[in-house]
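Q: Structure provided below as structure tokens; questions to follow.
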Amino acid sequence: MKFIKRLILFVLILIIVVGSVVILNGYNLYKTTINEKSLSDKISQIKSDKKYVYINDVPSYYTNAIIAVEDHRFKEHGAIDVISIGRAIVSNIQAKDFNEGGSTITQQVAKNLYFIGEDNVVSRKVAEIFVAIDLEKNYSKDEILEFYINTIYFGEGYYGIKEASTGYYKKEPKDMSLDEATMLAGVPNAPSVYAPTINPTLAKSRQGKVLRSMVEYGYLSQEEADKVLNK
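If you're matching positions, the sequence shown starts at 303 in my numbering and goes up one per residue.
Structure below.
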């Protein structure tokens, strides 16, 4: 019995030590990155791009599609979503594979702004959380969502919604149809798989997931979703 108690204590201490090292390494990466270019400077840089699109210049059904499929509790949680993280862990254990993430839209913005080329995944994830906290402190949810649509990758060399909508559909973002908007909302999850020019069948399947999520969270009626799916 004593041996079991000592073993449990040892495991707990080991978890605390390893966890502390991971957090410290992630924090150091965050501080180094932020010191090289502050968050406000980084945001000013992306907003100065002539291809930058303001959230009021995209259809509401496009932003609703993103929230529904990527982070349906986006307006309710802070930098991280503990519920989504827990659900992702359970799902991955059940599937015996890492097929679901728990990152919020804010964390994805943090990654897109600073950590795309970072190879150390564990340190990067921790650093993303610290940047995400800064984002939530300094910017509104609409602003963060705006940063997201301007920094995500859509495949075929297209970064941001303006490049994607003009590249795939020869349209300005504000002119996207519900069909086009829900198609593009699904692409960033895996651009090399879901880009509509690469594999139309898989892209349509992913679009179905987007539409079902929109129906589930009250952004579309089933009838509206069916019209798109049956095109």
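The C-beta atom is built at its ideal place from N, Cα and C for all residues, glycine as well. Quantities reported herein were computed from a predicted structural model and do not represent experimental measurements.
Within its chain, find whatever has a CB closer than 6 Å to the CB of Gly380; leave out the 5 residues flanking it on each side and keep chain order.
A: Glu438
Q: So, with DSSP's three-state summary, where would you put Tyr460?
A: coil
Q: Can you give the Cα-Cα distance for Asn394 and Val320, rounded to whole angstroms?
A: Legend: pLDDT at Asn394 = 47, less than 50; position of this residue unreliable, no value from coordinates given.
Q: What residues in its chain sit with their C-beta under 6 Å from that of Leu522, if we drop five residues either side in the sequence?
A: Met516
Q: So what does DSSP say about Tyr519, is it helix, strand or coil?
A: coil
Q: Restricting to Cα atoms, I'd like to know which of Val489, Tyr460, Ser425 is closest to Ser322.
A: Ser425
Q: When you compare only the Cα positions, how much space is there between Phe376 and Lys443?
A: 8 Å
Q: Could you check what DSSP says for Tyr455 in three-state terms: helix, strand or coil?
A: strand
Q: For Asp399, is the classification buried or exposed, using 16 other Cβ atoms within 10 angstroms of its Cβ as the cut-off for buried?
A: In this predicted model, Asp399 has a pLDDT of only 45, less than 50, meaning its place in the structure is not dependable; the value taken from the coordinates is given anyway. Flag for Asp399 reads exposed.
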